[in-house]
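This report refers to the structure that appears directly beneath it.
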Amino acid sequence: MKIKFHSTVIMTEEFELMKSFYQNILQQEIEFDFGNCIGFKNGLSLWKLKEEYPITKKLGRTFDKSGNKNLEICFETDDFELVVENFKNYQLQYLHEETEELWGQQTIRFFDPENNLIEIGETIPCFVKRFKNQGMTESEVSQRTSVPLELVNLICSNL
1 MKIKFHSTVI MTEEFELMKS FYQNILQQEI EFDFGNCIGF KNGLSLWKLK
51 EEYPITKKLG RTFDKSGNKN LEICFETDDF ELVVENFKNY QLQYLHEETE
101 ELWGQQTIRF FDPENNLIEI GETIPCFVKR FKNQGMTESE VSQRTSVPLE
151 LVNLICSNL
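Using this note's numbering, you'd call the opening residue of the sequence shown number 1 and step up by one each time.
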(Lines of atoms letter the chains of each structure in order from A; the text may use other names.)
(Lines give C-alpha, C1' and ligand atoms only; values in the text may rest on other atoms or scores of the structure.)
Protein backbone atom coordinates (compact mmCIF):
# COMPACT_ATOMS: atom_id res chain seq x y z
CA MET A 1 0.00 0.00 0.00
CA LYS A 2 1.33 3.43 -0.93
CA ILE A 3 -0.11 6.77 0.16
CA LYS A 4 0.93 9.84 -1.80
CA PHE A 5 0.43 13.45 -0.73
CA HIS A 6 -1.92 15.16 -3.17
CA SER A 7 -2.66 18.72 -2.12
CA THR A 8 -3.52 21.21 0.56
CA VAL A 9 -7.10 22.49 0.39
CA ILE A 10 -8.38 25.80 1.70
CA MET A 11 -12.14 25.68 2.19
CA THR A 12 -13.46 29.16 1.57
CA GLU A 13 -16.61 31.23 1.65
CA GLU A 14 -15.08 33.95 -0.49
CA PHE A 15 -14.14 31.68 -3.40
CA GLU A 16 -13.77 34.33 -6.13
CA LEU A 17 -11.83 36.69 -3.84
CA MET A 18 -9.46 33.91 -2.78
CA LYS A 19 -9.10 32.68 -6.38
CA SER A 20 -8.18 36.19 -7.52
CA PHE A 21 -5.69 36.62 -4.64
CA TYR A 22 -3.80 33.41 -5.39
CA GLN A 23 -3.95 33.89 -9.16
CA ASN A 24 -3.19 37.59 -9.41
CA ILE A 25 -1.15 38.55 -6.36
CA LEU A 26 0.70 35.27 -5.79
CA GLN A 27 0.80 34.48 -9.55
CA GLN A 28 -0.28 30.84 -9.18
CA GLU A 29 -1.48 29.03 -12.30
CA ILE A 30 -4.67 27.00 -12.26
CA GLU A 31 -4.21 23.39 -13.33
CA PHE A 32 -7.79 22.18 -12.79
CA ASP A 33 -11.00 24.19 -12.54
CA PHE A 34 -14.14 22.33 -11.48
CA GLY A 35 -16.22 25.46 -10.91
CA ASN A 36 -16.40 25.50 -7.13
CA CYS A 37 -13.02 23.78 -6.70
CA ILE A 38 -9.76 24.73 -8.34
CA GLY A 39 -6.34 23.15 -8.15
CA PHE A 40 -3.24 25.22 -8.74
CA LYS A 41 -0.17 23.69 -10.38
CA ASN A 42 1.70 24.02 -7.06
CA GLY A 43 -0.67 21.56 -5.30
CA LEU A 44 -2.75 24.13 -3.44
CA SER A 45 -6.52 23.92 -3.94
CA LEU A 46 -9.46 26.18 -3.13
CA TRP A 47 -12.87 24.68 -2.45
CA LYS A 48 -16.22 26.41 -2.04
CA LEU A 49 -18.37 23.90 -0.21
CA LYS A 50 -21.96 23.16 -1.20
CA GLU A 51 -24.70 22.13 1.24
CA GLU A 52 -25.02 18.63 -0.24
CA TYR A 53 -21.35 17.65 0.26
CA PRO A 54 -20.70 15.12 3.06
CA ILE A 55 -17.97 17.33 4.55
CA THR A 56 -20.39 20.27 4.74
CA LYS A 57 -23.03 18.10 6.40
CA LYS A 58 -20.48 17.13 9.07
CA LEU A 59 -18.67 20.46 9.52
CA GLY A 60 -21.39 22.91 8.57
CA ARG A 61 -20.77 26.09 6.64
CA THR A 62 -19.27 28.12 9.47
CA PHE A 63 -15.89 29.48 8.47
CA ASP A 64 -13.42 30.80 11.00
CA LYS A 65 -12.34 34.17 9.61
CA SER A 66 -9.41 34.33 12.03
CA GLY A 67 -7.36 31.97 9.83
CA ASN A 68 -5.53 28.83 10.87
CA LYS A 69 -2.90 29.70 13.46
CA ASN A 70 -1.10 26.37 12.95
CA LEU A 71 -0.61 26.68 9.20
CA GLU A 72 1.70 28.74 7.02
CA ILE A 73 1.54 28.54 3.22
CA CYS A 74 5.10 28.99 1.93
CA PHE A 75 6.28 30.20 -1.45
CA GLU A 76 9.85 30.83 -2.64
CA THR A 77 11.40 33.04 -5.30
CA ASP A 78 14.78 33.89 -6.78
CA ASP A 79 13.45 37.44 -7.35
CA PHE A 80 12.72 38.35 -3.73
CA GLU A 81 13.32 42.12 -4.00
CA LEU A 82 11.22 42.38 -7.16
CA VAL A 83 8.36 40.38 -5.60
CA VAL A 84 8.43 42.51 -2.43
CA GLU A 85 8.40 45.68 -4.52
CA ASN A 86 5.44 44.37 -6.53
CA PHE A 87 3.47 43.66 -3.33
CA LYS A 88 3.51 47.40 -2.62
CA ASN A 89 0.87 47.66 -5.38
CA TYR A 90 -1.58 45.74 -3.16
CA GLN A 91 -3.08 46.44 0.22
CA LEU A 92 -1.84 43.43 2.14
CA GLN A 93 -2.14 42.83 5.86
CA TYR A 94 1.42 42.05 6.95
CA LEU A 95 2.56 39.94 9.84
CA HIS A 96 5.98 41.44 9.07
CA GLU A 97 7.66 43.07 6.12
CA GLU A 98 11.14 42.04 4.92
CA THR A 99 13.13 40.30 7.61
CA GLU A 100 16.13 38.01 7.75
CA GLU A 101 15.55 34.64 9.39
CA LEU A 102 18.17 33.22 11.78
CA TRP A 103 19.57 31.07 8.93
CA GLY A 104 19.87 34.11 6.63
CA GLN A 105 16.87 33.70 4.34
CA GLN A 106 14.97 36.91 3.56
CA THR A 107 11.23 36.47 4.13
CA ILE A 108 8.03 38.46 4.20
CA ARG A 109 4.76 37.28 5.77
CA PHE A 110 1.21 38.49 5.24
CA PHE A 111 -2.34 37.17 5.32
CA ASP A 112 -4.60 36.09 2.48
CA PRO A 113 -8.20 37.45 2.38
CA GLU A 114 -9.34 34.84 4.93
CA ASN A 115 -6.39 35.39 7.29
CA ASN A 116 -4.30 32.37 6.36
CA LEU A 117 -0.60 33.14 6.84
CA ILE A 118 1.47 33.39 3.65
CA GLU A 119 5.28 33.40 3.55
CA ILE A 120 7.40 34.45 0.59
CA GLY A 121 11.08 33.65 0.99
CA GLU A 122 14.27 33.51 -1.00
CA THR A 123 15.22 30.13 -2.42
CA ILE A 124 18.22 28.41 -0.82
CA PRO A 125 20.46 29.13 -3.84
CA CYS A 126 19.43 32.79 -3.67
CA PHE A 127 20.53 33.42 -0.10
CA VAL A 128 23.61 31.17 -0.36
CA LYS A 129 24.77 33.20 -3.40
CA ARG A 130 23.95 36.45 -1.58
CA PHE A 131 26.27 35.55 1.30
CA LYS A 132 28.99 34.28 -1.07
CA ASN A 133 28.78 37.54 -3.06
CA GLN A 134 29.17 39.46 0.21
CA GLY A 135 32.61 37.87 0.58
CA MET A 136 31.95 34.86 2.80
CA THR A 137 33.80 31.60 2.14
CA GLU A 138 31.78 28.50 1.33
CA SER A 139 32.50 27.20 4.85
CA GLU A 140 31.29 30.46 6.41
CA VAL A 141 28.14 30.38 4.26
CA SER A 142 27.45 26.81 5.38
CA GLN A 143 27.92 27.72 9.03
CA ARG A 144 25.77 30.86 8.71
CA THR A 145 22.89 29.18 6.85
CA SER A 146 23.03 25.55 8.07
CA VAL A 147 23.05 24.51 4.41
CA PRO A 148 25.38 21.50 4.05
CA LEU A 149 28.82 22.45 2.73
CA GLU A 150 28.44 20.09 -0.26
CA LEU A 151 25.29 21.94 -1.36
CA VAL A 152 26.91 25.35 -0.77
CA ASN A 153 29.87 24.25 -2.94
CA LEU A 154 27.52 23.06 -5.68
CA ILE A 155 25.50 26.30 -5.63
CA CYS A 156 28.63 28.49 -5.57
CA SER A 157 30.26 26.58 -8.41
CA ASN A 158 27.60 28.09 -10.70
CA LEU A 159 28.53 31.71 -9.86
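No residue lacks a Cβ here, since even glycine has one placed at the ideal position from N, Cα and C.
As the structure is a prediction and not an experimental result, all values here were calculated from the model.
Query, Result
"What would DSSP say about I124, mapped onto helix, strand or coil?", "helix"
"Under the three-state reduction of DSSP, which class applies to T12: helix, strand or coil?", "coil"
"Please state the DSSP three-state secondary structure of Q28.", "coil"
"To the nearest whole angstrom, what separates the beta carbons of F80 and C126, a pair I think is in contact under 8 Å?", "6 Å"
"Is there contact here, the segment 6-17 with the segment 37-50, by at least three beta-carbon pairs under 8 Å?", "yes"
"If we ignore side chains and look at the alpha-carbon of each, how far apart do S146 and Q105 end up?", "11 Å"
"I'd like the list of long-range same chain contacts for G67, defined as Cβ closer than 6 Å, with 5 residues on each side in sequence excluded.", "N115 and N116"
"Measuring alpha carbon to alpha carbon, tell me which residue in S142, R109 and V83 is nearest L95.", "R109"
"Three-state secondary structure (DSSP) at S142?", "helix"
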